[in-house]
Amino acid sequence: MKAIMVMFDSLNRHMLPPYGADWVHAPNFTRLAARSTTYDNCYVGSMPCMPARRELHTGRHNFLHRSWGPLEPFDDSMPEMLKQHGVYTHLVSDHQHYWEDGGATYHGRYNTWEFFRGQEGDAWIGQVADPVLPEDLHSNRNDLWRQDWVNRAHMDTEEKHPQTLTFDAGLEFLRENRAQDDWFVQIETFDPHEPFFTHKGYKDLYPHDYHGPHFDWPNYAKVTETEEEAAHARFEYAALLSMCDNSLGRVLDAMDEYDLWDDTLLIVCTDHGFLLGEKGWWGKLVQPWYNELANTPLFVWDPRRPTQAGSRHSGLVQTIDIAPTLLEFFGVDRTPDMQGRPLPEATDDSLSEVPLRESALFGMFGGHVNITDGRWVYMRSCHDATNRPLYEHTLMPTHGRGRFTPAELTDAELADPFDFTKGVRTLRVPARTAPGFDPFRFGTLLYDLADDPHQERPVVDDEAELRMIRLLVEQLRDTDAPADQYERLGLPRKPEQVTTAHLQAAAHREQPHQEAALGRAPRADEFPEGRLNLRTPLAVLLSDPVAVEAVRRFVPGITDSEQLTAPGAMSLLQLAAATGEPDREQLTGLANELARLFPGS
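Quick note: the sequence shown uses our numbering, first residue 115, plus one each step.
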């Protein structure tokens with residue numbers, strides 16, 4: 115038996131033809147759906163990139179205990195378990211986070227691995243001189259942005275693109291090993307993660323009239339760009355998705371050519387989606403985990419069940435089910451610590467007497483803790499603005515691109531073992547959260563997907579909320595959540611202890627900060643624009659003596675505000691989107707005055 119997993123990053127299901135996107139050029143995803151089972155209710159678990167991959171290895175949630183980090187010494191790794199049972203495992207990837215501090219224990223779990231450089235500011239090409247940068251709409255021009263443009267100069271053809279090189283290597287593995295048995299290859303690309311960098315042939319699939327600045331890398335923020343600019347970014351994403359589709363087609367062609375369909379499991383998946391303007395947002399992390407992010411595409415071909423080709427499955431499945439699925443396929447028992455179940459049990463009632471999953475838990479460390487039963491989605495916020503208590507539980511004290519500092523570890527202490535740590539005590543470290551990361555401002559949210567499939571109208575329904583809280587507490591218990599999470603969320607330890615005192619949706623609905631957080635931001639095309647305008651970086655705007663006096667008149671106190679600790683490249687429009695201040699009236703008055711004072715473009 116053989117298995118192939120093709121994994122993309124930030125793949126939006128609502129941009130795929132099998133999920134209803136009729137304008138995106140992705141014929142190979144349509145071809146895949148005809149050969150596989152398409153899952154309509156696959157949900158993420160732990161987010162974002164590396165927490166999702168830890169679930170991919172371990173088959174259990176981790177976001178309640180730990181932020182972004184490596185595999186822990188007590189973690190069971192699916193590829194390593196396969197390797198220990200005689201299944202050859204190979205990883206090919208251009209996903210640079212595997213080789214940074216916060217992901218450095220993953221690739222070694224495979225027999226062999228290959229890595230291709232250059233994605234999203236990967237610290238690859240050494241160049242002291244600054245690259246030539248285009249006029250652009252990306253406000254956060256940090257070192258990552260600089261390095262990305264250094265790297266792009268070395269990827270000037272599709273053949274040099276890291277995605278292409280990754281799939282080249284995966285196909286070479288298939289060619290060399292097609293006649294062998296007992297192997298698993300993971301072909302994983304960082305695309306279509308931002309930046310949406312691809313070449314002309316794919317861009318030409320989406321002709322549109324755009325003459326604005328370069329824009330293929332949105333900030334994780336509310337949409338403040340014009341509709342023309344936002345549409346351009348969506349087309350840039352679509353172009354990269356079409357490149358991903360072409361790469362997928364190469365794998366399907368190989369399966370045809372080498373007659374692999376008879377004995378090879380194929381899984382095509384992603385870690386999460388990406389907001390492309392829906393609900394007025396770009397990206398992920400900052401806002402709640404809406405279904406555009408959390409309800410992901412999943413396609414599975416199981417050669418033991420050929421009659422399921424072209425079928426769809428509506429039951430709840432999750433990322434934690436992928437490791438048990440691969441283990442079961444190769445006849446390897448999953449460990450007691452794994453919360454997931456083999457996907458065949460979800461699609462074939464004769465295989466298990468255990469009922470299908472009643473609910474799915476998902477979220478990000480320190481953010482909302484979310485649960486869905488397939489109809490309702492409940493997003494539980496922290497109970498107050500401190501978002502405390504919150505602790506990291508780890509034996510591998512690294513962040514995404516760095517180590518925990520000595521200052522962070524000063525108050526570390528040993529915690530009691532969890533159910534899944536095999537008797538091992540972990541470090542319990544007070545957690546840090548990023549500036550601007552504030553789940554409390556959005557509050558607790560409840561959505562009825564039957565009435566509101568796009569999650570545009572949060573509801574207050576005490577009966578439904580009580581039921582979802584009880585399901586949530588059950589999931590917290592089953593995941594052996596640390597005590598600080600119950601306290602942070604304002605929840606009891608047992609489902610039977612849940613009462614109306616634990617309801618939050620109605621109370622949070624009355625808070626003005628929730629309306630501001632959920633509301634759409636003012637956009638650039640709502641205001642006049644002269645040479646200096648609401649989109650001019652604050653550092654530039656406030657350095658002009660005439661402009662700064664206009665700012666002081668229309669937005670009193672702003673020049674003395676702590677808000678100006680924001681990055682100098684941030685504009686007043688972006689500041690308003692992030693904080694709600696200045697308000698729309700102030701922005702309108704200032705925009706008109708700037709257009710009068712600084713006419714022209």
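From the three backbone atoms N, C-alpha and C, an ideal C-beta is built for every residue, glycine too.
Quick caveat: nothing in here was measured; it's all calculated off a predicted structure.
Got a sec, what are the start and stop residues for the beta strand (DSSP E) residue i sits in?
{"i": "asparagine 484", "result": "483-486"}
{"i": "proline 544", "result": "541-544"}
{"i": "threonine 226", "result": "226-229"}
{"i": "phenylalanine 476", "result": "474-478"}
{"i": "alanine 499", "result": "Per DSSP, alanine 499 belongs to no beta strand (DSSP E) and is neither H nor E."}
{"i": "glutamate 302", "result": "297-302"}
{"i": "arginine 494", "result": "490-494"}
What are the boundary residues of the alpha helix (DSSP H) that residue i is part of?
{"i": "threonine 439", "result": "436-443"}
{"i": "valine 587", "result": "576-592"}
{"i": "tyrosine 316", "result": "314-317"}
{"i": "phenylalanine 143", "result": "141-149"}
{"i": "tryptophan 263", "result": "257-266"}
{"i": "arginine 289", "result": "276-291"}
{"i": "leucine 378", "result": "A small fix is needed here, since residue 378 is threonine in this sequence, not leucine. Segment 378-384 is the beta strand (DSSP E) holding threonine 378; no alpha helix (DSSP H) there."}
Mind reading off the beta-carbon distance from residue i to residue j? Whole number of angstroms is fine, and I expect it under 8 Å.
{"i": "tyrosine 320", "j": "phenylalanine 349", "result": "4 Å"}
{"i": "isoleucine 434", "j": "glutamine 589", "result": "Actually they do not touch by this definition, with Cβ atoms about 12 Å apart."}
{"i": "threonine 378", "j": "proline 420", "result": "Actually they do not touch by this definition, with Cβ atoms about 12 Å apart."}
{"i": "aspartate 296", "j": "glycine 200", "result": "6 Å"}
{"i": "alanine 630", "j": "glycine 557", "result": "Rounded, the Cβ-Cβ distance is 11 Å, inconsistent with contact."}
{"i": "alanine 638", "j": "arginine 649", "result": "6 Å"}
{"i": "arginine 555", "j": "histidine 482", "result": "Not really, about 11 Å apart at Cβ, beyond 8 Å."}
{"i": "glycine 391", "j": "leucine 407", "result": "That belief does not hold up - the Cβ atoms of glycine 391 and leucine 407 are roughly 13 Å apart, past 8 Å."}
{"i": "glycine 222", "j": "glycine 514", "result": "Not confirmed; about 18 Å, so no contact."}
{"i": "serine 160", "j": "arginine 168", "result": "7 Å"}
In this structure, how does DSSP classify residue i when only helix, strand and coil are distinguished?
{"i": "arginine 555", "result": "helix"}
{"i": "threonine 613", "result": "coil"}
{"i": "glutamine 677", "result": "Model confidence at glutamine 677 stands at a pLDDT of 48, short of 50, so the residue's coordinates are unreliable; what they give is reported in the following sentence. In the structure shown, glutamine 677 sits in a helix (DSSP, three-state: H, G or I)."}
{"i": "threonine 519", "result": "coil"}
{"i": "histidine 427", "result": "strand"}
{"i": "histidine 622", "result": "helix"}
{"i": "tyrosine 153", "result": "strand"}
{"i": "asparagine 706", "result": "helix"}
{"i": "arginine 602", "result": "helix"}
{"i": "tyrosine 320", "result": "coil"}
{"i": "leucine 689", "result": "helix"}
{"i": "proline 131", "result": "helix"}
{"i": "arginine 471", "result": "coil"}
{"i": "alanine 460", "result": "helix"}
{"i": "glutamate 214", "result": "coil"}
{"i": "lysine 336", "result": "strand"}
{"i": "arginine 410", "result": "It is threonine, not arginine, that sits at residue 410 in the sequence shown. DSSP places threonine 410 in strand when its eight states are reduced to three."}
{"i": "threonine 524", "result": "coil"}
{"i": "glutamate 249", "result": "coil"}
{"i": "glutamine 432", "result": "strand"}
{"i": "lysine 116", "result": "strand"}
{"i": "histidine 507", "result": "strand"}
{"i": "threonine 512", "result": "strand"}
{"i": "leucine 390", "result": "strand"}
{"i": "glycine 222", "result": "helix"}
{"i": "histidine 328", "result": "strand"}
{"i": "leucine 560", "result": "strand"}
Might you give, ordered along the chain, the residues of its own chain that have their beta carbon closer than 6 Å to the beta carbon of residue i, omitting 5 neighbours on each side?
{"i": "proline 511", "result": "Phe518"}
{"i": "threonine 439", "result": "Pro456, Leu457"}
{"i": "phenylalanine 712", "result": "Gly644, Arg645, Leu646"}
{"i": "alanine 423", "result": "Arg149"}
{"i": "methionine 119", "result": "Gln300, Ile381"}
{"i": "arginine 698", "result": "Pro636"}
{"i": "methionine 369", "result": "Trp375"}
{"i": "tyrosine 88", "result": "The chain is shown only over 115 to 715; residue 88 falls outside these bounds and no answer can be derived."}
{"i": "phenylalanine 534", "result": "Asp451"}
{"i": "threonine 679", "result": "With a pLDDT of 47 at threonine 679, under the threshold of 50, the modelled position of that residue is not reliable, and the figure given next carries that caveat. Excluding positions up to five away in sequence, the list is empty."}
Give every residue of the same chain whose Cβ lies closer than 7 Å to the Cβ of residue i, excluding the five residues on either side of it in the sequence, and list them in chain order.
{"i": "proline 502", "result": "Per the sequence presented here, residue 502 reads as arginine, with proline not at that position. Around arginine 502: Arg602."}
{"i": "tryptophan 395", "result": "Lys336, Val337, Leu389, Gln401"}
{"i": "glutamate 342", "result": "Tyr324, Gly326"}
{"i": "arginine 231", "result": "Trp238, Pro276"}
For residue i, is the beta carbon positioned less than 7 Å from some heavy atom of the ligand PLP?
{"i": "leucine 441", "result": "Among the components of this structure there are no ligands whatsoever, and the ligand PLP is therefore not found."}
What residues in its chain sit with their C-beta under 8 Å from that of residue i, if we drop five residues either side in the sequence?
{"i": "threonine 593", "result": "Arg174, His175, Leu178, Gln453, Leu475"}
Practice item. Tell me the start and end of each unbroken beta strand (DSSP E) in the stretch 340-374 that is at least 3 residues and wholly inside, in chain order. Key: none
Check your understanding: Which ranges would you report for the alpha helix (DSSP H) in the stretch 632-672 if only whole runs of at least 4 residues count?
Key -> 652-655, 659-668
**Study point:** 3-residue-minimum beta strand (DSSP E) runs that sit fully inside the stretch 157-212, ordered along the chain
**Key:** 202-207, all fully within the stretch 157-212.
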